[in-house]
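A.B. asks:
In our numbering, the protein residues as written are 13 to 187.
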């Protein structure tokens with residue numbers, strides 16, 4: 013049996029560490045028809061969508077300029093990407109942007125994939141602002157200063173946690 017001194021063991025671990033990839037560093041595969049845009053390094057958004065209630069339906073990401081007058085208005089998005097819900101993990105969805113600048117995104121989980129909004133669908137925004145049932149009912153938009161972000165020359169990772177109607181609340185599943 014090989015015996016190593018404490019110093020030798022520490023040296024061995026130090027040599028091996030650069031070759032070990034921690035599980036927390038594992039990345040999701042970039043999804044969507046524009047995935048290559050994010051891999052090439054041009055201006056783009058990677059919407060990191062988490063908190064899906066179920067692994068069915070379609071996840072839709074819509075990119076908007078940081079103009080509060082057009083944000084969330086019908087057909088005013090710059091780009092829209094629809095991706096089938098994956099079987100597990102976060103969903104990294106690539107959305108190209110026309111140039112470096114300030115943008116905002118909305119994400120909707122069409123749970124049954126029928127293209128129509130229903131009470132079972134989920135949603136979220138860049139910046140993960142709190143949204144109440146009354147905000148939904150009155151169609152109040154989140155504050156643009158809270159949801160807007162800047163994209164520079166390379167892809168910008170933007171986390172979005174989905175919320176769903178649960179009783180009298182609109183919140184992440186399990187919250």
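Every residue, glycine too, gets a C-beta built ideally from N, C-alpha and C.
Can you give the Cα-Cα distance for residue 65 and residue 113, rounded to whole angstroms?
C.D. replies: Taking the straight line from one Cα to the other gives about 32 angstroms.
A.B. asks: Express the C-alpha separation of residue 122 and residue 72 in angstroms, rounding to a whole number.
C.D. replies: The straight-line gap from Cα to Cα measures roughly 8 angstroms.
A.B. asks: Suppose contacts are defined by Cβ-Cβ distances below 8 angstroms. Is residue 174 in contact with residue 119 by that definition?
C.D. replies: Going by C-beta atoms, residue 174 is nearer than 8 angstroms to residue 119.
A.B. asks: How far does the alpha helix (DSSP H) with residue 145 in it reach, from first residue to last?
C.D. replies: Here the alpha helix (DSSP H) through residue 145 covers 145-149.
A.B. asks: Three Cβ pairs or more, each shorter than 8 angstroms: is that satisfied between the stretch 163-183 and the stretch 46-65?
C.D. replies: Short answer: they touch.
A.B. asks: Please report the distance separating the alpha-carbon of residue 94 from that of residue 62.
C.D. replies: If I take the Cα positions, the gap works out to 15 angstroms.
A.B. asks: DSSP three-state label for residue 48, please.
C.D. replies: Helix.
A.B. asks: May I ask which residues mark the beginning and end of the alpha helix (DSSP H) holding residue 158?
C.D. replies: Start and end: 156-159.
A.B. asks: Can you tell me whether residue 55 is buried or exposed? The criterion is at least 16 other CB atoms within 10 Å of its CB, across all chains shown.
C.D. replies: Classification for residue 55: buried.
A.B. asks: Leaving aside the five residues before and after residue 131 along the sequence, list all residues of the same chain whose C-beta is less than 6 angstroms from its C-beta, in chain order.
C.D. replies: The residues are 177.
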